[in-house]
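S.K.: In the numbering used here, the protein residues as written are 366 to 1010.
Take this structure first; my questions come after.
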Amino acid sequence: MAGRIRDEDVEAVRAAVRIDAVVGEYVQLTNGGGGQLKGLCPFHDEKSASFYVSPSKGVFSCFGCQESGDTLSFVMKIEHLSFVETVERLAAQVGITLRYEGGGYQPGRQQGERTRLLEINKIAAVWFTEQLSSPEAEIGRRFLKERGFEADAAAHFSLGYAPGGFENLTRFLRGRGYTDRELLLSGICSEGNRGPMDRFRGRLIWPIRDITGEVIGFGARKLREDDKGPKYLNTPETPLYKKSHVLYGIDLAKKDIARTGRAVVVEGYTDVMACHLAGVTTAVATCGTAFAEDHIKILRRLLMDTSQYRGEVVFTFDGDAAGQKAALRAFEDDQKFAAKTSIAVSPGGMDPCELRLAQGDEAVRALIENPVPLFAFAIRAAVAQHNLETAEGRSAALEQAAPIVARIKDGSIQHDYAVQLAGMVGILDEQFVVRRVNQLARWQRQRDEQQRDRNGNRPGDRPGDRRAVGAPTPTTAPRRPAFRLNPRDPAQFVERELLKLALQYPALVAPTFDFYTEDEFPTPPYATVRAAVAAAGGAATGAAAPDAWSALVRAAAPDDAVRGLITELTVEPVRTRRTADAIYAGEFLVKLRLQAVDRRIADCRAHLQRLGPRATPEQLAAVQGELWALQQYGQALRERGAAAL
């Protein structure tokens, strides 16, 4: 078996794949200042953007969970791939042929399990698509046409057909070199009496893709009455396919979701197709499961869903009882979005596919453009369950709807809905309803605080940071010393800012920075970074080779913790509203040296105190001479700035 991938090929892949392009497949990135991009971290749940990417340095870092690294490590972490799988996957995307120590490329032997499973799904998707034009698939083509989908629509969504035999696809994939174990693991096949057999037979097929466009599973709709299986049959849970982490259509919708700040959540595959064909290109659907927290995380990252960037999520559900129940389930997760959440229910209870067929594309667009706020829908649904003609019914309606209003975190909106609730229920004393809502809101906050305490949260923790008391610290992020930027510690701020300048703009601080010793960085982690800069050749080397500089410093770091801190400092914007320049760099070179001088002056004065009256004239002269020289140097730094360095 051939050995490891050659180092020069790994570097070629790393250089060929832009980190912002790769990260942008998963996260909406916006300008973070100083040439950096920022977005919501894909590795932990957060309400404000703390995830930064440096396209020029090829690295990322999250200041919330401390995940950091380069393009390869990002793909490894987010896709749970091995190093070899990651390099092979990215190499295939950019057309680089990899070479292995001790031999050339041997398909199927170097590839990891995930890569093999992705290939199986990709080949199967093409095979299904080809079968849709066969005579047997007439029933599938007729099904699509009856729902308003012509051949070009089927091609756009890569629809296919699974023939009725038991081993058509199984034999085809075996002929391509895939093992029975791999076919079963992929979910393409199920276990039969005589070994693997086709899971999907006599059905219309939808390929299900992840956010990057890779086929990870399939959805299959039955077409014949004699098919005793479920109406929809999906790929089972596999190493690739986790239905709670998947949104159908996300690969097609992600760019427009990020561009428009709106996501539309529908209930089925045909509804996604109808919306996209009608011009609502931000539609996605769950795959055989309720819309839940993992789906929210996917959309929040694309929407840049923070308090500063308020997007919108529109849910569409059937108007029947099941659809209303689904809408209320979605309401349960409403407060996990910073985005505005709404619901669109079409007249007559038609889903988007039925609406498009009955009234055309314009009706679908109008449905999405005129949604009802999800809070209003939930409140009205609660009130509608009661007889408001009686005092008992009005009281019951209030007690069911008031907790919904109390959950609204925006105080002004909560008050407005409380007043509206009084009118809906028919209670003339609006203030009575407002007081009841406020009381329930206080109780809810107290319960939330108690729950956070039980979960081991400390004051200031985010919901996504919760873990049980005594639980081990996650090992996915490198451990690092607990010295972080502290706004109340100006000395530490100066160290951090100067190191950022040395890593991001080495030409601005070279060669002066290289004469600074580790002793001038009293915070231990920053001193270690200073040592790594020196080991990499100093800022002068960075000025001469800026493109390779951050990689050189990371390579010189003694461990992953320091490498993580270096990456963090490389992507964190410098703290100036203007472009970093020689004047700004000079200010921090002077500030750090002044801090070192002031510390030494304090040491000299303490030394004089310790000497006391018994000191010899020689001892006093030596210490006083050093003190005088330091004071003069400090004065020159304050008066002349960088010119005195």
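Every residue gets a Cβ at the ideal spot worked out from N, C-alpha and C, and that includes glycine.
Just so you know, these numbers come straight off a predicted model, no measurement behind them.
1. Rounded to whole angstroms, what is the Cα-Cα separation between R568 and G525?
2. Got a sec? Which residues, its chain only, sit under 6 Å from Y870 by beta carbon, not counting five neighbours each side?
3. Considering only DSSP beta bridges, list what K587 is partnered with.
4. Pick from L534, R512 and D884: whose alpha carbon is nearest that of E495?
5. Mapping the DSSP letters down to three states, classify V392 as helix, strand or coil.
6. Counting along the chain, where does the alpha helix (DSSP H) carrying E515 start and finish?
7. Between F742 and D616, what straight-line distance do the alpha-carbon atoms span, to the nearest angstrom?
8. Quick check: the segment 482-500 against the segment 403-423, are there 3 or more CB pairs under 8 Å?
9. On the three-pair Cβ rule with 8 Å, is the segment 394-405 touching the segment 436-449?
10. In the structure shown, what three-state DSSP assignment does E556 receive?
11. With distances taken Cα to Cα, identify the nearest neighbour of R940 among A967, A971 and L864.
12. Can you look up N599 in the DSSP assignment and give me helix, strand or coil?
13. Going by alpha carbons, who is nearest to R369 out of A414, E885, R464 and L588?
14. Taking all protein chains shown into account, do 16 or more other C-beta atoms lie within 10 angstroms of the C-beta of G434, making it buried, or fewer, making it exposed?
15. From the DSSP output, read off the bridge partner residues of K705.
16. Measuring only the C-alpha atoms, how far is F443 from T635?
17. Using only CA atoms, which one of P768, R943 and I663 lies nearest to D575?
18. Smallest Cα separation from A502: which of I573, R589 and T625?
19. Going by DSSP, which residues form a beta bridge with K403?
20. With T436 and I384 assumed to form a contact (beta carbons below 8 Å), what rounded beta-carbon distance in angstroms separates them?
21. Can you round the beta-carbon distance between P938 and Q401 to whole angstroms, since I take them to be within the 8 Å contact cut?
22. Which of the three DSSP states is assigned to V611 in this structure?
23. Would you identify the three-state DSSP class for D372, choosing helix, strand or coil?
24. Figure out for me which residue from G529, D545, A916 and M562 has the closest Cα to the Cα of L497.
25. Pick helix, strand or coil for K656, following the three-state DSSP scheme.
26. Have a look at the DSSP bridge pairing and note the partners of A648.
27. Taking Cβ to Cβ, would you say A709 is nearer than 9 Å to V679?
28. In terms of DSSP beta bridges, what is T527 paired with?
29. Where A456 and P768 are concerned, what is the direct C-alpha to C-alpha distance, given to the nearest angstrom?
30. Assuming A892 and A921 form a contact by the criterion Cβ under 8 Å, report the distance between their Cβ atoms to the nearest whole angstrom.
31. I'd like the list of long-range same chain contacts for R801, defined as Cβ closer than 6 Å, with 5 residues on each side in sequence excluded.
32. Is the shortest distance between the beta-carbon of E677 and the beta-carbons of chain C less than 9 Å?
33. Quick check on T841: does DSSP put it in helix, strand or coil?
34. Nearest-angstrom Cα distance between Q989 and A905?
35. Which of helix, strand or coil does DSSP assign to R895?
36. Between the C-alpha atoms of V418 and D591, what's the straight-line distance to the nearest angstrom?
M.R.: Well, looking at it:
1. Looking up residue 568 in the sequence shown gives position 203. Looking up residue 525 in the sequence shown gives position 160. Cα-Cα distance, rounded: 9 Å.
2. In the sequence shown, the residue the question calls residue 870 occupies position 505. Cβ neighbours of Y870 beyond the five flanking positions: A945.
3. Taking the sequence shown and counting its residues from 1, the one referred to as residue 587 is at position 222. Beta-bridge annotation (DSSP): K587 is paired with R568.
4. What you label residue 495 is simply residue 130 of the sequence shown in a count that begins at 1. Taking only the C-alpha atoms, the option nearest E495 is L534.
5. Along the sequence shown, read from residue 1 onward, the residue named residue 392 stands at position 27. DSSP places V392 in the coil class of the three-state scheme, outside both helix and strand.
6. Sequence index remark: in the sequence shown, residue 515 carries index 150 (1-based). Per DSSP, E515 belongs to no alpha helix (DSSP H) and is neither H nor E.
7. Position 377 of the sequence shown, counted from the start, is the residue given in the question as residue 742. Position 251 of the sequence shown, counted from the start, is the residue given in the question as residue 616. Across the structure, F742 and D616 are spaced so that their CA atoms are roughly 30 Å apart.
8. The segment 482-500, when compared against the segment 403-423, does not touch it at the 8 Å Cβ threshold.
9. Contact fails: fewer than three Cβ-Cβ distances are below 8 Å.
10. Mapped onto the sequence shown, residue 556 falls at position 191. E556 carries a strand assignment under DSSP once its states are collapsed to helix, strand and coil.
11. If you number the sequence shown from 1, residue 940 lands on position 575. Of the listed residues, the one whose Cα sits closest to R940 is L864.
12. Residue mapping note: residue 599 aligns to position 234 of the sequence shown, counting from 1. If DSSP states are grouped into helix, strand and coil, N599 belongs with the strands.
13. Within the sequence shown, the letter at position 4 stands for residue 369. Check the Cα spacing between R369 and each of A414, E885, R464 and L588: the tightest is with R464.
14. For the purposes of this step, residue 434 is taken as the residue at position 69 of the sequence shown. By the neighbour-count criterion, in which 16 or more other beta carbons inside 10 Å mark a residue as buried, G434 falls on the buried side.
15. Translated into positions along the sequence shown, residue 705 becomes position 340. DSSP lists E677 as partners of K705.
16. Along the sequence shown, read from residue 1 onward, the residue named residue 443 stands at position 78. Along the sequence shown, read from residue 1 onward, the residue named residue 635 stands at position 270. One point to set straight first is that residue 443 is Ile, not Phe, in the sequence displayed. Counting only the Cα atoms, T635 lies some 29 Å from I443.
17. The count along the sequence shown starts at 1 and reaches residue 575 at position 210. For D575, the closest of P768, R943 and I663 by C-alpha to C-alpha distance is I663.
18. Numbered from 1 along the sequence shown, position 137 holds the residue referred to as residue 502. Nearest to A502 by C-alpha distance, out of I573, R589 and T625, is R589.
19. Walking along the sequence shown from the start, residue 403 turns up at place 38. K403 is bridged to T395 and Y417.
20. Counting from 1 along the sequence shown, the entry for residue 436 is found at position 71. Counting from 1 along the sequence shown, the entry for residue 384 is found at position 19. Yes, T436 and I384 are in contact; Cβ-Cβ is about 4 Å, under 8 Å.
21. Indexing the sequence shown from 1 puts residue 938 at position 573. Indexing the sequence shown from 1 puts residue 401 at position 36. Indeed, because the Cβ distance is near 5 Å, the residues count as touching under 8 Å.
22. On the sequence shown, residue 611 is found 246 positions in, with the first residue counted as 1. Note: V611 maps to coil in three-state DSSP.
23. Indexing the sequence shown from 1 puts residue 372 at position 7. In the structure shown, D372 adopts helical secondary structure according to DSSP, grouped into three states.
24. On the sequence shown, residue 497 is found 132 positions in, with the first residue counted as 1. Nearest of G529, D545, A916 and M562 to L497, Cα basis: G529.
25. Residue numbering aside, residue 656 sits at position 291 when the sequence shown is read from its first letter. For the record, residue 656 in the displayed sequence is Phe; it is not Lys. Coil.
26. Taking the sequence shown and counting its residues from 1, the one referred to as residue 648 is at position 283. Paired residues: V629.
27. Locating residue 709 in the sequence shown gives position 344, counting from the first residue. Locating residue 679 in the sequence shown gives position 314, counting from the first residue. A contact, by the Cβ cut-off of 9 Å.
28. For the purposes of this step, residue 527 is identified with residue 162 of the sequence shown, where counting begins at 1. Checking the sequence shown, residue 527 turns out to be Ala, not Thr. Looking at the DSSP assignment, A527 forms a beta bridge with R568.
29. In the sequence shown, residue 456 corresponds to position 91, counting from 1. In the sequence shown, residue 768 corresponds to position 403, counting from 1. Going from the Cα of A456 to the Cα of P768 covers about 54 Å.
30. One-based indexing of the sequence shown puts residue 892 at position 527. One-based indexing of the sequence shown puts residue 921 at position 556. Not quite, the Cβ-Cβ distance comes to about 14 Å (not below 8 Å), so this is no contact.
31. If you number the sequence shown from 1, residue 801 lands on position 436. Contacts found: A767.
32. The chain inventory of the structure shown lacks chain C, comprising one protein chain alone.
33. On the sequence shown, position 476 is the one that residue 841 refers to. Reliability of the predicted coordinates at T841 is poor, the pLDDT of 38 falling under 50, and the value obtained from them is presented with this limitation in mind. Reduced to three states, the DSSP call for T841 is coil.
34. One-based indexing of the sequence shown puts residue 989 at position 624. One-based indexing of the sequence shown puts residue 905 at position 540. Cα to Cα, the separation comes out at about 36 Å.
35. Here residue 895 refers to the residue found at position 530 of the sequence shown. Looking at R895 - three-state DSSP - the assignment turns out to be helix.
36. Taking the first residue of the sequence shown as 1, we reach residue 418 at position 53. Taking the first residue of the sequence shown as 1, we reach residue 591 at position 226. Rounded to whole angstroms, V418 to D591 spans 54 Å at the Cα level.
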